[in-house]
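Novice:
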Amino acid sequence: MDSLLSFSILGALEGLTEFLPISSTGHLIVARDFFSLSTGNDLAVDAVLQLATILALVVYFRRDLYELLRTALALVSRKSAGTAETALLISIIVGTIPALVFGLMLEDIMATIFRSSTLVAYALIAGSVIMLAAEWLRPKTLITIPDISPRRAMIIGLFQSLALIPGMSRSGMTTAGGMFLGLSRSESTRFGFILSIPILIGAGSKKAIELATSGALSSFGVELVIGSVIAFVIGVSTIHLFLTIARKTPLTVFVAYRLALAVFILIYLGA
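Under my numbering, the first residue of the sequence shown is numbered -6, with each subsequent residue one higher.
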């Protein structure tokens, strides 16, 4: 397949699937296996495309991030900071710890064993079970984002760690985790997006720097730039889309797609 077309398709896939509860990494792996979307160094390309969607996340939540940064600076300089903002900052820090720890522990496995379409299929199914359980078993008494204690943030962070497995979906797991604790679907989605920013920036930057210093990115040119722009533009739109539909649309809609894709993969591979 033409190189520019491959990068464009992968960029569109990354932008569309990174923020929907259907797993972006899983889709990129499957797309390469099924449609021969060869770009040379898959890890390098994925890292750069993910940086583009991280930028989309930062741009979309720039006001929230500004308040968090201002709160952090106020606390460091021992100035007064808002109670709600301080609580949210602490929750984000605590919630980031599990994915950081497990990410470092599983880094080598993530680059090898985890890049399998068969694993993606089974993870799509496992993640679907968790998302269904969140819809069916969530508490009737709801809480809001300011009610998220460090303990609750840690639990949601553990759910985010499941997304290290391609096919689980970061947005799907954090949304489900929040719903189990009593957050509404829309509040859980919003908190999950904000929670994902530190770990995504850290992981994406680390991988991009490693690849850049090793020369792995030197073979890519305008095609990767175009793919990244596509990922960014579609990513911003997808964030808004999911936040909007999460207010009224149950996760079961996405579960149906996830299960259909998993069955297709397993049948195709004869697994």
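Backbone N, C-alpha and C fix where the C-beta goes; we use that ideal spot for every residue, glycine too.
#1: Do proline 173 and isoleucine 148 have their C-beta atoms within less than 9 Å of each other?
#2: According to the neighbour-count rule (16 or more other Cβ atoms, all chains shown, within 10 Å of its Cβ), is glutamate 11 buried or exposed?
#3: By the three-class DSSP mapping on this structure, what secondary structure does leucine 176 have?
#4: Is phenylalanine 184 buried or exposed, if buried means 16 or more other CB atoms sit within 10 Å of its CB?
#5: Going along the chain, which residues of its own chain have a beta-carbon closer than 8 Å to the beta-carbon of serine 73, five neighbours each way excluded?
#6: Can you tell which of Ser177, Leu117 and Leu157 has the C-alpha that lies nearest to the C-alpha of glutamate 100?
#7: Buried or exposed: which applies to valine 113, given that a residue is buried once 16 or more other Cβ atoms fall within 10 Å of its Cβ?
#8: Please go through the segment 48 to 91 and give each complete alpha helix (DSSP H) segment of 4 or more residues, from N-terminal end onward.
#9: Residues bridged to isoleucine 202 by DSSP?
#10: Spatial neighbours of leucine 97 within its chain, please: CB distance less than 7 Å, with the 5 preceding and 5 following residues excluded, ordered by chain position.
#11: Reducing DSSP to helix, strand and coil, say where isoleucine 136 ends up.
#12: Would you mind reading off the limits of the alpha helix (DSSP H) that contains phenylalanine 152?
#13: Mapping DSSP to helix, strand and coil, what is aspartate -5?
#14: Taking all protein chains shown into account, do 16 or more other C-beta atoms lie within 10 angstroms of the C-beta of serine 70, making it buried, or fewer, making it exposed?
#15: How should lysine 200 be labelled, buried or exposed, when 16 other C-beta atoms within 10 angstroms of its C-beta is the threshold for buried?
#16: Take phenylalanine 28 and list the residues in its own chain whose beta-carbon comes closer than 6 Å to its own, dropping the five residues that flank it on each side.
Specialist: In this structure, then:
#1: According to the sequence displayed, residue 173 carries phenylalanine and not proline. It is a contact, given that the beta carbons lie within the stated cut-off.
#2: buried
#3: strand
#4: buried
#5: Ala67
#6: Leu157
#7: buried
#8: 55 to 69
#9: Answer is none; isoleucine 202 lacks a bridge partner.
#10: none
#11: strand
#12: 143 to 155
#13: coil
#14: exposed
#15: buried
#16: none
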